[in-house]
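Residue numbers (our numbering): 5 to 244.
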Ligand code: GLP
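This is the structure:
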């Protein structure tokens, strides 16, 4: 596990460059994408690089980590909406090649086919991850089996509370989600994780120093051969 400590601006730039390098080396690369506030600057940097002609996403396929159950893709807190607004609408990608789990309709069938779909596309070349304050990655909450594939899950009170800041009221936060599993994430060839702020310090400690345990889902990444953890000083503070 490689660890990079720098400002949020710098680590976002570095992650964007990691993605650009992968896509420029392999124009039909498969990208694993995440939502949340953490990757926002990375996506802005990628859109800028695309406009400047430094990278093209025309041949790229993407798979997102997760989605809330019960939200239509047009809902402004759905992860499909988030991805369109913060990345896909600003780059030259073919939206038909962007995959986000469904939260409504026959979402279970779609969910059950997701890992096979990723494999059929050639597997994920580079995956970006954020991290929850309880150590979750995607929506793999504490206690999720390390060998899990894409599945439906119940969100913890902590996650509902954390994510309520983006909704009008905590009662509007969905309580269930569909998410790639920990094994699905571990299948990616390269993983970059971004964490900033004191609120993430405990989870980052569990990720880097803690024992490998299903109580701290991110700790499974200790076993991945190509992970870079990008953190700011606050997120890294307990590891010093
Ligand atoms: C959500 C997402 C995760 C994300 C986490 C942290 O629960 N499912 O993928 O990593 O929030 O979000 P943020 O980056 O906004 O702190």
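Glycine residues also receive a C-beta, built at the ideal position from the N, C-alpha and C atoms.
Please read these numbers as outputs of a predicted model, since none were measured by experiment.
**Q.** Distance between residue 139 and residue 218 (C-alpha atoms, nearest Å)
**A.** Position 214 of the chain shown, counted from the first residue, corresponds to residue 218. Position 135 of the chain shown, counted from the first residue, corresponds to residue 139. Residue 218 and residue 139 have their C-alpha atoms roughly 10 Å apart.
Q: Tell me, please, whether the segment 64-77 touches the segment 31-48 by the rule of three or more beta-carbon pairs shorter than 8 Å.
A: Judged by Cβ distances under 8 Å, the segment 64-77 makes contact with the segment 31-48, as three or more pairs qualify.
Q | Start and end residues, beta strand (DSSP E) containing residue 36 | A | Here residue 36 corresponds to residue number 32 of the chain shown, with the count starting at 1. Its beta strand (DSSP E) spans residues 34-37.
(Q) Is residue 167 close to the ligand GLP? I mean its beta-carbon at under 8 Å from any heavy atom of the ligand. (A) If you number the chain shown from 1, residue 167 lands on position 163. Remark: the shortest separation between the CB of residue 167 and any heavy atom of the ligand GLP falls under 8 Å.
**Q.** Other residues of its chain near residue 278: CB distance less than 8 Å, five sequence neighbours each side excluded
**A.** In this structure the chain extends from 5 to 244, so residue 278 is not present and cannot be described.
Q: Taking residue 75 and residue 107 to be in contact with their CB atoms under 8 Å, please state how far apart those CB atoms are, rounded to whole angstroms.
A: Looking up residue 75 in the chain shown gives position 71. Looking up residue 107 in the chain shown gives position 103. Yes, they are in contact, since the Cβ atoms of residue 75 and residue 107 sit about 5 Å apart, within 8 Å.
Q: Measuring alpha carbon to alpha carbon, tell me which of 196, 55, 185 ends up nearest residue 22.
A: Translated into the one-based positions of the chain shown, residue 22 becomes position 18. Checked all of 196, 55, 185; the closest Cα to residue 22 is 196.
Q | Check whether residue 192 and residue 128 have beta carbons under 9 Å apart | A | The sequence position of residue 192 within the chain shown is 188, counting from 1. The sequence position of residue 128 within the chain shown is 124, counting from 1. Between residue 192 and residue 128, the C-beta spacing is below 9 Å.
Q. Is it true that the segment 201-213 meets the segment 146-156, where meeting means three or more beta-carbon pairs spaced less than 8 Å apart?
A. In this structure the segment 201-213 does not touch the segment 146-156; the number of beta carbon pairs closer than 8 Å is below three.
Q: In angstroms with no decimal places, state the Cα-to-Cα distance between residue 131 and residue 70.
A: Against the chain shown, residue 131 aligns to sequence position 127. Against the chain shown, residue 70 aligns to sequence position 66. The straight-line gap from Cα to Cα measures roughly 13 Å.
Q.
Using a Cβ-based criterion (distance less than 8 Å to any ligand heavy atom), does residue 42 qualify as near the ligand GLP?
A. Here the question's residue 42 lines up with position 38 in the chain shown. Because some heavy atom of the ligand GLP lies under 8 Å away, the Cβ of residue 42 counts as near it: yes.
Q: For the beta strand (DSSP E) containing residue 180, list its first residue and its last residue.
A: Taking the chain shown and counting its residues from 1, one reaches residue 180 at position 176. 180-183 is the span of the beta strand (DSSP E), which, as asked, contains residue 180.
Q | Contiguous alpha helix (DSSP H) assignments of at least 4 residues, all confined to the segment 85-161 | A | Counting whole runs of 4 or more residues, the segment 85-161 contains the alpha helix (DSSP H) stretches 111-124.
Q. Is residue 262 helix, strand or coil when you go by DSSP?
A. Outside the shown range of the chain, which is 5 to 244, sits residue 262, and nothing can be said about it.
Q) CA-CA distance, residue 238 and residue 205? A) Mapped onto the chain shown, residue 238 falls at position 234. Mapped onto the chain shown, residue 205 falls at position 201. If you draw a straight line from the Cα of residue 238 to the Cα of residue 205, it is about 7 Å long.
Q) Would the beta-carbon of residue 143 be found less than 8 Å away from any heavy atom of the ligand GLP? A) The sequence position of residue 143 within the chain shown is 139, counting from 1. Result yes, Cβ under 8 Å from the ligand GLP.
Q: Let me know the secondary structure DSSP gives residue 25 once reduced to three states.
A: Position 21 of the chain shown, counted from the start, is the residue given in the question as residue 25. DSSP places residue 25 in the helix class (H, G or I) of the three-state scheme.
Q) Since residue 212 is in the alpha helix (DSSP H), which residue starts that stretch and which ends it? A) Here residue 212 refers to the residue found at position 208 of the chain shown. Unbroken alpha helix (DSSP H) run through residue 212: 205-212.
Q | residue 169, buried or exposed, once every other Cβ within 10 Å from all chains shown has been counted against 16 | A | Locating residue 169 in the chain shown gives position 165, counting from the first residue. Using a 10 angstroms sphere on the CB of residue 169, the tally of other CB atoms stays under 16, which defines it as exposed.
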